[in-house]
Amino acid sequence: MTLHSMNNDPSAIVEADRAHVWHHLIQHKPFETVDPRIIVEGRGLRVWDIKGKEHLDAVSGAVWTVNVGYGRKRIADAVAAQLTKMCFFAGASGTIPGAQFAEALIDKMPGMSRVYYANSGSEANEKAFKMVRQIAHKHHGGKKHKILYRERDYHGTTIANLSAGGQAERNAHYGPFVPGFVAVPHCLEYRAQDGWSGEAYGERAANAIEEVILREGPDTVGALCLEPITAGGGIITPPRGYWERVQEICAKYDILLHIDEVVCGLGRTGAWFGYQQYGVKPDIVTMAKGVASGYAAISCCVTTEKVFSMFKDDSDHLGYFRDISTFGGCTAGPTAAIENMAIIEEENLLENSTRVGAYLKDSLNALMDRHPVIGDVRGLGLFAGAELVTDRDTKDPVNEKQVGAIVADCMAQGVIIGATNRSVPGFNNTLLFAPALIATRDDIDQICNAVSGAITRVLG
Ligand code: PMP
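Here our numbering = 1-based position in the sequence shown + 79.
Okay, here's the thing in structure tokens:
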């Protein structure tokens, strides 16, 4: 059989998938009796599976990526033209789309200066960790090498990223981990102990970071790596006062602030970047998913000129960043990213994310009146979470099977939603919503009606 004579019959494709594809994130035993789901087409917010069923995708490609929605011919055409002309060149050389997208991106990030290309969120974060380590060796005699990460945050799937990962449930079977990564407490106000709330809690949560720095020794800590809003760990929006203190603490101890914008970047929260919502001034920013909305693989590790210039001194063998990303040289990524950014601008999608995102949050809050099981609603822009509890006073979490059943019920209704990683008590119980930034109020109504029906059916 040649590739072009392959059987296109849907049942043959399902069988090929069942026989040979190892799907992400799922136990495969059920596939012995249930067909794997195969998505074949998408337009706007909607996708169709191989059986012809239509779904409203409320999570932008399962993992909050397709910010501008499906079926953007303009991006595909630009990528096709660029690949025909010049598909790939890596190493020390640049490319035209690489230069153009870097300039456009920096224009949206006042204070930042340099774009380092890679392919996935994990890889961009790994680059940032390596930069911090090299700075420690070059400028601090190897001392300032520790990287602080926050409980519940996630930075990627590699062993170094898991070492910086605050979701214990993802790490359980993959140790031993890389030394030099140290956890700081999360900032989930809803579950704050001893009645702390508001700005006082925000400052307290940030002060807890300072306590870790003092315990470890400030001269050993090189960077603090945080998501602007904790995404998969529970849609944890930082409390007021938090970021101001974090910024002060980093300045006080000469610690680089690395913001992981892999989820929040490119409009998800209603600003170009999540950190801009809080007036933060980072030293390093990593991004991936929304950079090209999944039309091509691209990630960026963006730094200030100050960080970049720390690699300029050529007096020793550490005179440049000794790193490469082979596919950082593929021109499909920056070409798609240029069109993606133009679409966000021309269609005012930041504004839509803010406006329709507020409607999403209001609608989820309205569901709280009908469903006592919704204990808390959090989020910003078109990025929201609804935490489910058995009792609003005790805040005991709804069990993971029930959360899974709610997600499955929505799926049966033709609405794809998400939920936080199952299996950690207290954190396995948040429904997630991140539709494409083109979402309308009607789409939000359809999503919330499906969720309401699912909660009633599963929990009564
Ligand atoms: N950072 C965050 C905040 C993420 O949510 C993710 C992926 N969900 C990553 C990094 C890793 O990105 P990737 O899967 O592209 O490696």
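C-beta: ideal position from N, C-alpha, C; glycine also.
Q) With respect to 7 angstroms, is the separation between the Cβ of Asn146 and the closest non-hydrogen atom of the ligand PMP below this value? A) For the purposes of this step, residue 146 is taken as residue 67 along the sequence shown, with counting starting at 1. No, the Cβ of Asn146 stays beyond 7 angstroms of every heavy atom of the ligand PMP.
**Q.** Assigned exposure category for Phe260 - 16 Cβ within 10 Å defines buried
**A.** One-based indexing of the sequence shown puts residue 260 at position 181. It is buried - the Cβ of Phe260 has at least 16 other Cβ atoms within 10 Å.
Q. Based on Cα-Cα distance, which residue from Leu461, Arg153, Asp298, Arg151 lies nearest to Gly221?
A. Along the sequence shown, read from residue 1 onward, the residue named residue 221 stands at position 142. The candidate whose alpha carbon is nearest that of Gly221 is Asp298.
Q | Euclidean distance between Cα positions of Val341 and Arg324 | A | Within the sequence shown, numbered from 1, the residue matching residue 341 stands at position 262. Within the sequence shown, numbered from 1, the residue matching residue 324 stands at position 245. Rounded to the nearest angstrom, the two C-alpha atoms are 23 angstroms apart.
Q) With a CB to CB cut of under 8 angstroms and the five nearest residues on each side skipped, what residues in its chain are close to Gln219? A) The residue labelled residue 219 in the question sits at position 140 within the sequence shown. Correcting the residue type first, residue 219 is His in the shown sequence and not Gln. Contacts found: Asp298, Gly301.
Q | Presumed contact (8 angstroms Cβ cut-off) between Gly407 and Tyr196, rounded CB distance | A | To locate residue 407, count along the sequence shown from 1; it is residue 328. To locate residue 196, count along the sequence shown from 1; it is residue 117. Contact flag correct, Cβ pair sits at about 4 angstroms.
Q: Determine the contact status of Asp362 and Thr382, defining contact as a CB-CB distance below 8 angstroms.
A: Along the sequence shown, read from residue 1 onward, the residue named residue 362 stands at position 283. Along the sequence shown, read from residue 1 onward, the residue named residue 382 stands at position 303. Yes, Cβ-Cβ distance for Asp362 and Thr382 is below 8 angstroms.
Q | Cross-strand partners of Cys380 (DSSP beta bridge) | A | Within the sequence shown, numbered from 1, the residue matching residue 380 stands at position 301. The partner list for Cys380 (beta bridge, DSSP) reads Tyr195, Thr365.
Q | Segment contact flag, the stretch 242 to 251 with the stretch 272 to 287, C-beta cutoff 8 angstroms, min 3 pairs | A | no
Q: Hey, could you find the ends of the beta strand (DSSP E) Asp455 is sitting in?
A: Looking up residue 455 in the sequence shown gives position 376. Looking at the DSSP string, the run of the beta strand (DSSP E) that includes Asp455 is 453 to 458.
**Q.** C-alpha distance - Ser442 paired with Ser394, whole-angstrom precision
**A.** Within the sequence shown, the letter at position 363 stands for residue 442. Within the sequence shown, the letter at position 315 stands for residue 394. Distance between the alpha carbons of Ser442 and Ser394: 59 angstroms.
Q. Taking the runs of the alpha helix (DSSP H) that are 4 residues or longer, which of them lie wholly in the stretch 172 to 250?
A. 175 to 186, 200 to 218, 238 to 242, 247 to 250
Q | Other residues of its chain near Val435: CB distance less than 7 angstroms, five sequence neighbours each side excluded | A | Mapped onto the sequence shown, residue 435 falls at position 356. Taken in chain order, the residues that qualify are Leu461, Ala518, Thr519, Arg520, Ile523.
Q. Does the beta-carbon distance from Val482 to Lys474 come in below 8 angstroms?
A. Counting from 1 along the sequence shown, the entry for residue 482 is found at position 403. Counting from 1 along the sequence shown, the entry for residue 474 is found at position 395. No, these two residues do not count as a Cβ contact at 8 angstroms.
(Q) For the stretch 313 to 331 against the stretch 236 to 243, do three or more pairs of beta-carbon atoms, one drawn from each stretch, fall closer than 8 angstroms, so that the two count as touching? (A) no
**Q.** Beta-carbon separation (whole angstroms), Gly312 vs Thr499, contact threshold 8 angstroms
**A.** Residue numbering aside, residue 312 sits at position 233 when the sequence shown is read from its first letter. Residue numbering aside, residue 499 sits at position 420 when the sequence shown is read from its first letter. Yes, Gly312 and Thr499 are in contact; Cβ-Cβ is about 7 angstroms, under 8 angstroms.
Q.
Considering Cα atoms alone, identify which of Arg151, Ile417, Cys304 is closest to Ser201.
A. Your numbering for residue 201 matches position 122 in the sequence shown. Of the candidates Arg151, Ile417, Cys304, the one whose C-alpha sits nearest the C-alpha of Ser201 is Cys304.
Q | Run of the beta strand (DSSP E) containing Asp156, from where it starts to where it stops | A | Mapped onto the sequence shown, residue 156 falls at position 77. No beta strand (DSSP E) holds Asp156; the alpha helix (DSSP H) holding it covers 152 to 164.
Q: Can you tell me which of the three DSSP states Cys409 falls into?
A: One-based indexing of the sequence shown puts residue 409 at position 330. In the structure shown, Cys409 sits in a strand (DSSP, three-state: E or B).
Q.
Only counting the same chain, and skipping five residues up and downstream in sequence, which positions put a Cβ closer than 7 angstroms to that of Gly148?
A. Start at 1 with the first residue of the sequence shown, and residue 148 comes out as number 69. Taken in chain order, the residues that qualify are Gly123, Leu124, Ala515, Ile517.
Q: Could you tell me which of Tyr438, Ala529, Val211, Pro413 sits nearest to Phe180, measuring between CA atoms?
A: In the sequence shown, the residue the question calls residue 180 occupies position 101. Per the Cα distances, Pro413.
Q | Segment limits, alpha helix (DSSP H) that includes His252 | A | To locate residue 252, count along the sequence shown from 1; it is residue 173. No alpha helix (DSSP H) holds His252; DSSP gives it neither H nor E.
**Q.** Buried/exposed call for Cys166, threshold 16 Cβ in 10 Å
**A.** Working through the sequence shown from its first residue, we reach residue 166 at position 87. The residue is exposed, with fewer than 16 neighbouring Cβ atoms inside 10 Å.
Q. Any chance the stretch 199 to 218 sits against the stretch 372 to 382, with 3 or more Cβ pairs inside 8 angstroms?
A. yes
Q. Exposed or buried, Thr405, counting other C-beta atoms within 10 Å across all chains shown (16 or more means buried)?
A. What you label residue 405 is simply residue 326 of the sequence shown in a count that begins at 1. Looking at its Cβ environment, which holds fewer than 16 other Cβ atoms inside 10 Å, Thr405 is exposed.
Q.
Relative to the C-alpha of His450, which candidate in Leu459, Ala465, Gly177 has its C-alpha closest?
A. Your numbering for residue 450 matches position 371 in the sequence shown. Comparing Cα positions, the closest option is Ala465.
(Q) Give me, in chain order, the residues of the same chain whose beta-carbon lies closer than 6 angstroms to that of Ile526; leave out the 5 immediate sequence neighbours on both sides. (A) As a position in the sequence shown, residue 526 is number 447, starting the count at 1. Excluding positions up to five away in sequence, the list reads Ala137, Val494.
Q: Measuring alpha carbon to alpha carbon, tell me which of His252, Arg97, Arg193, His83 ends up nearest Pro49.
A: Because residue 49 is not part of the residues shown, which for the chain are 80 to 539, the question remains open.
Q: Report the residue ranges of all beta strand (DSSP E) runs contained in full by the stretch 424 to 489; include only those spanning at least 3 residues, in chain order.
A: 453 to 458, 463 to 467
Q | Residue burial classification, Ala310 (beta-carbon count within 10 angstroms, cutoff 16) | A | Taking the first residue of the sequence shown as position 1, residue 310 is located at position 231. Buried.
**Q.** Proximity winner among Glu306, Leu446, Gly458, relative to Ser432 (alpha-carbon distances)
**A.** Here residue 432 refers to the residue found at position 353 when the sequence shown is read from its first residue. Among Glu306, Leu446, Gly458, the Cα nearest to that of Ser432 is on Gly458.
Q. Under the rule that 16 or more other beta-carbon atoms within 10 Å means buried, what is Asp472, buried or exposed?
A. The count along the sequence shown starts at 1 and reaches residue 472 at position 393. Label assigned to Asp472: exposed.
Q) Based on Cα-Cα distance, which residue from Val486, Met188, Asn507, Ile214 lies nearest to His396? A) In the sequence shown, counting from the first residue as 1, residue 396 sits at position 317. For His396, the nearest C-alpha among the options comes from Ile214.
Q.
Can you find the residues in the same chain that come closer than 8 angstroms, C-beta to C-beta, to Thr174, ignoring five residues on each side of it along the sequence?
A. Numbered from its first residue, the sequence shown carries residue 174 at position 95. Around Thr174: Met165, Phe168, Gly408, Thr410, Pro413.
Q.
Given 7 angstroms as the limit, tell me if Glu306 has its C-beta closer than that to any heavy atom belonging to the ligand PMP.
A. One-based indexing of the sequence shown puts residue 306 at position 227. Yes; taking the cut-off as 7 angstroms, the Cβ of Glu306 has a heavy atom of the ligand PMP nearer than that.
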